[in-house]
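Here my numbering is used: the first residue of the sequence shown is 14, the next is one more, and so on. Step one of this worksheet: look at the structure below.
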Amino acid sequence: MNKAVKFSILDLSPVPQGADVKTALDRSLALAQHGEALGFERFWMAEHHGMAGIASAATSVALSHIGAGTKTIRIGAGGIMLPNHAPIVIAEQFGTLEALFPGRVDLGLGRAPGSDQRVAQALRRNLNTDPNQFPRDVVELQALLEGDEALGIQATPGAGAKIPLYILGSSLFGAQLAAALGLPYAFASHFAPQALDEALAIYRRDFKPSAQLAEPYAMCGFNIFAADTDDEAEHLATSMMQSFVALRTGNPGKLPPPVEGYRESLPPQAQSMLAQIMQGSAVGAPDAVLNGVRAFLDRTQADELIVCGSIFDQAAREKSYGLAAEVRDLIAA
């Protein structure tokens, strides 16, 4: 690996136990400001619905809070779940963000609902199961942002906005679509790493240059939990581990405080599930994180890591990203 790899932040705006949505969004803003000072490339927020522990359901509104409190870091969605929305609505929302924060806005697009079927039904009213609908919606959104007169309608704001689009995915479908459209591809290896290697290979093999992008550009989600010692980092990571287990067992909630010895307390099946999810992670003191990041970059040849780390304590969360920035600088050197 001999290229400079960008580091960015993916924030789910976690709502800690004992706190509310306002606290979570203010903590997200503080993290974005910290990330900006540390030289992270972008700060993305994700669309999830019906979850008490995630405050970024109205993603474009949350991003306006982040944009207003920062100056240079790119802001964007990682991602907007496009099947939940009419493309013109997203063109208008992100066109508005681009008008407010010119030259700083990204738009990552996914095809999962970001919710369960009941919430998806409430969002969309009509659940379209046509597998071609997502690609059609992406192309329509592109045309709206380009101001294509053939559509017969204009997105205002939105038409003419130079907003880079990214395709998000955790399967081979997104890799194929990103390659066909010549768009950057972001893989959700921070929670669903199973198809990572095959998806990246397909994306790079089949990539077709576009007006936006001449060569493949691959981002990978990656969890970093960094602290002064391995034990402390493992302890911090147990908040996210508890959230993963709660989600997979149908009992999602607010982000819990860390628990000593949590992983070891789980039954073998749950430990195995966590081990699979956490493949795209580095947990430990700076040396361990450095080794973990280097190994992941050697494996994936990613152009960019988008770092996630839901930590209960805000000071420990910001310190973890600070140590991640030090790792980035060591790798760049």
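Just so you know, even glycine gets a beta-carbon here, dropped at the ideal spot from N, CA and C. Keep in mind it's a predicted model, so treat the numbers as computed, not measured.
- Taking the Cβ atom as the reference point for each residue, do Thr-109 and Pro-170 lie within a distance shorter than 7 Å? Their beta carbons are under 7 Å apart, which means Thr-109 touches Pro-170 by this criterion.
- Cβ shell of Val-132 (< 6 Å), same chain only, five flanking positions each side left out: His-62, Gly-63.
- Message: Can you list, in chain order, the residues of its chain with a C-beta nearer than 6 Å to that of Gly-305? Leave out the 5 residues immediately preceding and following it.
- Response: So the list reads Ala-295, once near-sequence residues are dropped.
- Message: Measuring straight from C-alpha to C-alpha, what distance separates Ile-88 and Lys-175?
- Response: Their Cα atoms are separated by approximately 14 Å.
- Could you name the residues that DSSP lists as bridge partners for Glu-317? In DSSP, Glu-317 forms a bridge with Lys-19, Met-232.
- With C-beta atoms as the reference, is Glu-317 less than 7 Å away from Lys-35? Cβ atoms of Glu-317 and Lys-35: not closer than 7 Å.
- Message: Among the candidates Ala-135, Asp-129, Gly-195, whose CA atom is the shortest distance from the CA of Val-152?
- Response: Answer by Cα proximity: Gly-195.
- Query: From what residue to what residue does the alpha helix (DSSP H) around Arg-40 run?
  - Reply: The continuous alpha helix (DSSP H) containing Arg-40 extends over residues 34 to 51.
- Name the residue from Arg-40, Gln-155, Glu-331, Val-102 whose alpha carbon lies nearest to the alpha carbon of Gly-173. It is Gln-155 whose Cα lies nearest to the Cα of Gly-173.
- Item | Separation of Leu-303 from Asp-342, as counted between CA atoms | Here the C-alpha atom of Asp-342 lies approximately 10 Å from the C-alpha atom of Leu-303.
- Task: Could you give the DSSP three-state label for Phe-200: helix, strand or coil?
- Result: Phe-200: strand per DSSP, three-state reduction.
- Task: Please confirm if the region 213 to 229 is in contact with the region 248 to 256, defined as three or more CB-CB distances below 8 Å between the two stretches.
- Result: Contact between the region 213 to 229 and the region 248 to 256 is absent, because fewer than three Cβ pairs lie under 8 Å.
- Message: Classify Ala-329: buried if its beta carbon has 16 or more other beta carbons within 10 angstroms, exposed otherwise.
- Response: With 16 or more Cβ atoms within 10 Å of its Cβ, Ala-329 is classed as buried.
- Does the beta-carbon distance from Gly-52 to Ile-22 come in below 7 Å? With respect to Ile-22, Gly-52 sits apart: the two C-beta atoms are not nearer than 7 Å.
- Write down the C-beta distance between Gly-322 and Ile-237 rounded to the nearest angstrom, noting that I regard them as a contact closer than 8 Å. Yes, they are in contact, since the Cβ atoms of Gly-322 and Ile-237 sit about 5 Å apart, within 8 Å.
- For Arg-55, write down the residues that DSSP places opposite it in a beta bridge. DSSP, once it has assigned bridges, lists Arg-87 as partnering Arg-55.
- Message: By the three-class DSSP mapping on this structure, what secondary structure does Asp-326 have?
- Response: Note: Asp-326 maps to coil in three-state DSSP.
- Query: Does the region 225 to 235 come close enough to the region 283 to 294 to have 3 or more Cβ pairs within less than 8 Å?
  - Reply: Verdict: yes, contact present.
- Query: With 16 other CB atoms within 10 Å as the buried threshold, where does Glu-211 fall?
  - Reply: The Cβ neighbour count for Glu-211, taken over all protein chains shown within 10 Å, is under 16; the residue is labelled exposed.
- Cβ neighbour criterion (16 or more within 10 Å) applied to Thr-83: Label assigned to Thr-83: buried.
- Query: Is it buried or exposed for Ala-285, if we count other Cβ within 10 angstroms and need 16 for buried?
  - Reply: Note on identity: in this sequence residue 285 is Ser, with Ala being the wrong assignment. Ser-285 counts as exposed, since fewer than 16 other beta carbons sit within 10 angstroms of its beta carbon.
- Where the beta strand (DSSP E) through Ala-295 begins and ends: Element bounds for Ala-295: 294 to 297.
- Quick one: grab the DSSP three-state call for Leu-25. Leu-25 falls in the coil class under three-state DSSP.
- Message: Tell me which residue opens and which closes the beta strand (DSSP E) that Leu-157 is part of.
- Response: First-last for Leu-157: 146 to 159, but that is the alpha helix (DSSP H), not the beta strand (DSSP E).
- Message: Quick check: what's the CA-CA separation for Gly-160 versus Ala-168?
- Response: In this structure, the CA atom of Gly-160 is about 7 Å from the CA atom of Ala-168.
- DSSP bridge partner residues for Val-118 (one or two, in chain order): DSSP, once it has assigned bridges, lists Ile-88 as partnering Val-118.
- Query: CB Leu-120 to CB Ile-79, shorter than 7 Å?
  - Reply: Ile-79 sits away from Leu-120, with the two beta carbons spaced by 7 Å or more.
- In its own chain, which residues sit with a C-beta less than 6 Å from the C-beta of Ser-184, not counting the 5 before and 5 after it? Sequence-distant Cβ neighbours of Ser-184 in its own chain, meaning closer than 6 Å and more than five residues away, are Ala-208.
- Indicate whether Thr-242 and Ala-298 have their beta-carbon atoms separated by less than 7 Å. With contacts defined by Cβ atoms closer than 7 Å, Thr-242 and Ala-298 form a contacting pair.
- Item | Local Cβ density within 10 Å of Asp-24, reported as buried at 16 or more and exposed below that | That one is buried.
- Using beta-carbon positions only, say whether Leu-122 and Pro-148 come within less than 7 Å of one another. It is not a contact, given that the beta carbons lie outside the stated cut-off.
- Query: Can the beta-carbon of Met-58 be found closer than 7 Å to that of Ala-75?
  - Reply: Between Met-58 and Ala-75, the C-beta gap is smaller than 7 Å, which places the two residues in contact.
- Cβ distance (whole Å) where Ile-344 is taken to contact Gly-91 below 8 Å: In this structure Ile-344 is not in contact with Gly-91, their Cβ atoms being roughly 22 Å apart against a cut-off of 8 Å.
- Considering only residues of the same chain and omitting the five flanking positions on each side of Gly-266, which have a CB-CB separation below 7 Å? Spatial neighbours of Gly-266 in its own chain (CB-CB distance under 7 Å, excluding positions within 5 residues in sequence) are listed in chain order as Ala-65, Gly-66, Ala-259.
- Item | Buried or exposed by the 16-neighbour rule on C-beta atoms within 10 Å, applied to Gly-182 | Residue burial is scored here from C-beta neighbours: Gly-182 has at least 16 other C-beta atoms within 10 angstroms and is therefore classed as buried.
- Distance between Asp-129 and Phe-186 (C-alpha atoms, nearest Å): The straight-line gap from Cα to Cα measures roughly 20 Å.
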